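Undergrad: For the sequence shown, my numbering gives the first residue as 284, with consecutive numbering after it.
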Amino acid sequence: MEKHPPRPLKRHVIFPFHYDPSQKTVFVAASISDEPGTLAALLTLLSKRVNLIGTSSYTLGQDAASFSCYGSLLSDDTTAQSLQKELMASARVVSCQVWESEEGLIVDRYHTGFQAGVGEPYVVFPNKGLSDTFEGVVRVFGSGGSTLLYDLGLSYAKARAGIYRKIIGPHAESRIDELAFIVTALGYGLSEATFDSNYEALRLTSRECFECSTPSECKRQCNFLRGMAAGIFGPLFGVEVVSQETRCRHLGDDLCEFVIKAKDERPLVR
Ligand SMILES: [Zn+2]
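1. Quick check: the Cα distance between serine 457 and lysine 307, rounded to an integer number of angstroms?
2. Would you kindly check if the distance between the Cβ of valine 377 and the Cβ of serine 316 is under 8 Å?
3. Residue range of the alpha helix (DSSP H) that glycine 510 falls in?
4. Candidates Tyr482, Asp460, Ala513: which alpha carbon is nearest arginine 553's?
5. Under 8 Å, do asparagine 506 and glycine 412 count as touching if we go by C-beta distance?
6. So, at 8 Å on beta carbons, what are the nonlocal neighbours of proline 550 in its own chain, with the 5 sequence-adjacent residues on each side left out?
7. Quick one: what does DSSP say threonine 361 is sitting in, helix, strand or coil?
8. Is glutamine 527 close to ligand 1? I mean its beta-carbon at under 7 Å from any heavy atom of the ligand.
9. Is the separation between the beta-carbon of alanine 444 and that of proline 518 shorter than 8 Å?
10. Within its chain, find whatever has a CB closer than 8 Å to the CB of valine 568; leave out the 5 residues flanking it on each side and keep chain order.
11. Mind checking phenylalanine 397: buried by the 16 CB within 10 Å criterion, or exposed?
12. Under 8 Å between the Cβ atoms of valine 225 and alanine 363?
13. Tell me the DSSP bridge mates of glutamate 475?
14. What residue does the alpha helix (DSSP H) around isoleucine 297 start on, and which one ends it?
15. If you draw a straight line from the alpha carbon of leucine 370 to that of glycine 387, how long is it in whole angstroms?
16. In this structure, how does DSSP classify valine 401 when only helix, strand and coil are distinguished?
17. DSSP state of histidine 301, grouped into three classes?
18. Compute the minimum distance between the beta carbon of cysteine 501 and the heavy atoms of ligand 1, and state whether it is under 7 Å.
19. In whole angstroms, give me the CA-to-CA distance for glutamate 494 and leucine 508.
20. Could you round the C-beta distance between serine 365 and serine 351 to whole angstroms and report it? I think they count as a contact, below 8 Å.
21. Beta carbon of glutamate 475: closer than 7 Å to some heavy atom of ligand 1?
22. Report whether the distance from the Cβ of arginine 532 to the nearest heavy atom of ligand 1 is below 7 Å.
23. Can glutamine 380 be considered in contact with ligand 1, in the sense that its beta carbon sits closer than 7 Å to one or more heavy atoms?
24. Would glutamine 367 be called buried (16 or more neighbouring beta carbons within 10 Å of its own) or exposed?
25. Threonine 488 to leucine 356, Cα distance in whole Å?
26. For alanine 513 versus isoleucine 465, is the C-beta distance shorter than 8 Å?
27. I'd like to check one pair, arginine 375 with leucine 325: are the Cβ atoms closer than 8 Å?
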């Protein structure tokens with residue numbers, strides 16, 4: 284069969300909890316030895332008892348690794364207890380605990396949060412919730428609220444610019460695609476970045492931008508992201524920049540576009 288690359292435009296699916304009242308599900312957390320073949324052996328063992336819904340595994344250092352998964356039980360004869368006993372009997376498993384769903388809900392009782400990139404902790408927030416929160420700021424403070432959100436996006440990104448400089452290196456202009464993919468993968472919206480001729484401007488587009496993911500009565504635009512764009516790309520190019528949002532879903536456009544230019548109107552890359 285001809286193989287294709289993975290289908291694009293797919294969001295990460297993460298499982299802090301899983302809800303499916305139609306079947307019995309389990310959450311498995313295990314410490315395993317970090318040796319070649321261990322994960323494959325564990326997956327083979329599990330595949331006899333559960334239909335895997337989502338898995339996560341990573342090294343803990345010192346020859347140890349962490350494995351966790353959600354799965355639906357394949358047989359009524361299998362329980363969380365019996366599965367745990369079976370996994371513990373495996374020489375590959377150092378320790379393990381299995382929890383069973385109650386009334387359709389199964390929760391990750393092992394992890395204490397998320398981390399990404401350089402190991403920073405993250406919080407996960409629904410797009411609509413954050414968009415509505417920003418809407419509330421502009422509803423109360425009017426145009427001052429939009430300015431506030433811009434300033435907050437700017438200072439937030441400026442404080443993080445060092446991290447981006449470290450991972451992207453001194454020639455950000457040659458790695459602009461990677462930055463756009465980082466922004467996309469972090470869930471800000473499907474992002475693309477292109478330079479105008481001679482680096483006169485950087486155009487960032489975002490489809491499904493989180494900031495305008497709910498309707499706006501105040502006709503606000505994506506000021507937090509506009510500030511963030513200035514706060515990231517100014518320090519990356521080492522120039523003072525201005526950031527404008529020239530298209531926005533809240534203006535009836537099908538995507539948001541942010542245009543970054545140097546304040547002194549010279550090229551961004553010198
Ligand atoms: Zn927008």
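Beta carbons are placed, not taken as given, at the ideal position from N, Cα and C, and that holds for glycine. Note that this is a predicted model, so its numbers are computed, not measured.
TA: Checking against the coordinates, here is how it stands:
1. 50 Å
2. yes
3. 506-520
4. Tyr482
5. no
6. Asn481, Tyr482, Glu483
7. coil
8. no
9. yes
10. Absent from the model: residue 568. The displayed extent of the chain is 284 to 553, so no value can be given.
11. exposed
12. This structure gives no information on residue 225, because the portion of the chain shown stretches from 284 to 553.
13. Thr488
14. From DSSP, isoleucine 297 is part of no alpha helix (DSSP H); its letter is neither H nor E.
15. 23 Å
16. coil
17. strand
18. no
19. 7 Å
20. Going by Cβ atoms, the distance from serine 365 to serine 351 rounds to 19 Å, so no, they are not a contact pair.
21. no
22. yes
23. no
24. buried
25. 43 Å
26. no
27. yes
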